[in-house]
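Inspection log for the structure reproduced underneath, given as structure tokens.
In my numbering, the protein residues as written are -1 to 233.
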């Protein structure tokens, strides 16, 4: 299955859009706080560029003139099952793509083998998380990467299955990683706890918490109530 990533633009307005560096935007709440939003188009917007990408459920992240997106490429001769609930070994790769926001040209790519054994195996679930000069991505089978945002140089990586003994959820790993200060917080799974905080610069484990036999899909979030910042996890 091929998807299309498209960007529309208006010829009659000059608009500098705010970045959308992670799932649900800068504050992970789905709110667009940019000023000067056009309420009525003067004619139909024109297509600026489009790029064919592979399957997946992950949205794009946009930051510093670059667009980041994850997708999946099936191996030759492999097809996704007609019944999306079916689970079997499907050979293929996951890809991290970095595109130029202005024209859609590929700036860098990271591709790695990633056999699937999950339901709804179209592709990755998690939107990339851009933080400063780094971008963090989590694949559907539990592969976590930290890259240099500009060049795609690999800084560190983790395999949730091998490194933590995590069991892959039926629908795959789907909880978008959260950056909080010097920490990258992820739903990992494994014997030590469902939730792990990594040093975002080095990948070193800072703490783990919340033991549970099964892992959920909801992303972690930070919420302030009663004057206290709280980390909320559904699992």
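We put the beta carbon where it would ideally sit given N, CA and C, even for glycine.
Suppose you measure from the CA of residue 34 to the CA of residue 61; what does that come to, to the nearest Å?
19 Å
Kindly identify the DSSP beta-bridge partner or partners of residue 61.
According to DSSP, residue 61 bridges with 64.
Beta carbon of residue 121 nearer than 8 Å to that of residue 69:
Yes. Within cutoff.
If you draw a straight line from the C-alpha of residue 37 to the C-alpha of residue 141, how long is it?
Rounded to whole angstroms, residue 37 to residue 141 spans 41 Å at the Cα level.
Using a Cβ-Cβ cut-off of 6 Å (strictly less than) and excluding sequence neighbours within five positions of residue 159, which residues of its own chain qualify?
Cβ within range, chain order: 140.
At the level of alpha carbons, what is the spacing between residue 100 and residue 113?
33 Å
Quick check on residue 161: does DSSP put it in helix, strand or coil?
helix
Element boundaries [beta strand (DSSP E), containing residue 171]
Segment: none, residue 171 is in no beta strand (DSSP E) and carries neither H nor E.
Inspect the CB distances between the stretch 88 to 106 and the stretch 162 to 172 and report whether three or more fall short of 8 Å.
no
Roughly how many angstroms lie between the CA atoms of residue 222 and residue 41, to the nearest whole one?
Distance between the alpha carbons of residue 222 and residue 41: 43 Å.
Is residue 98 helix, strand or coil by DSSP?
strand
Output the distance between the C-alpha atoms of residue 119 and residue 232, rounded to the nearest integer angstrom.
C-alpha separation (whole angstroms): 23 Å.
Following the continuous beta strand (DSSP E) through residue 195, name the residue where it begins and the one where it ends.
193 to 197
Residue 139 by DSSP, collapsed to three states: which one?
coil
Please classify residue 9 as buried or exposed, where buried requires at least 16 neighbouring CB atoms within 10 angstroms.
Per-residue confidence for residue 9 stands at a pLDDT of 37, beneath the threshold of 50, marking its modelled position as unreliable; the derived number appears in the next sentence. Its Cβ having fewer than 16 others within 10 Å, residue 9 is exposed.
Exposed or buried, residue 39, counting other C-beta atoms within 10 Å across all chains shown (16 or more means buried)?
exposed
Going straight from the alpha carbon of residue 51 to that of residue 93, what length do you get?
10 Å
Within this structure, are the beta carbons of residue 154 and residue 200 separated by less than 8 Å?
yes
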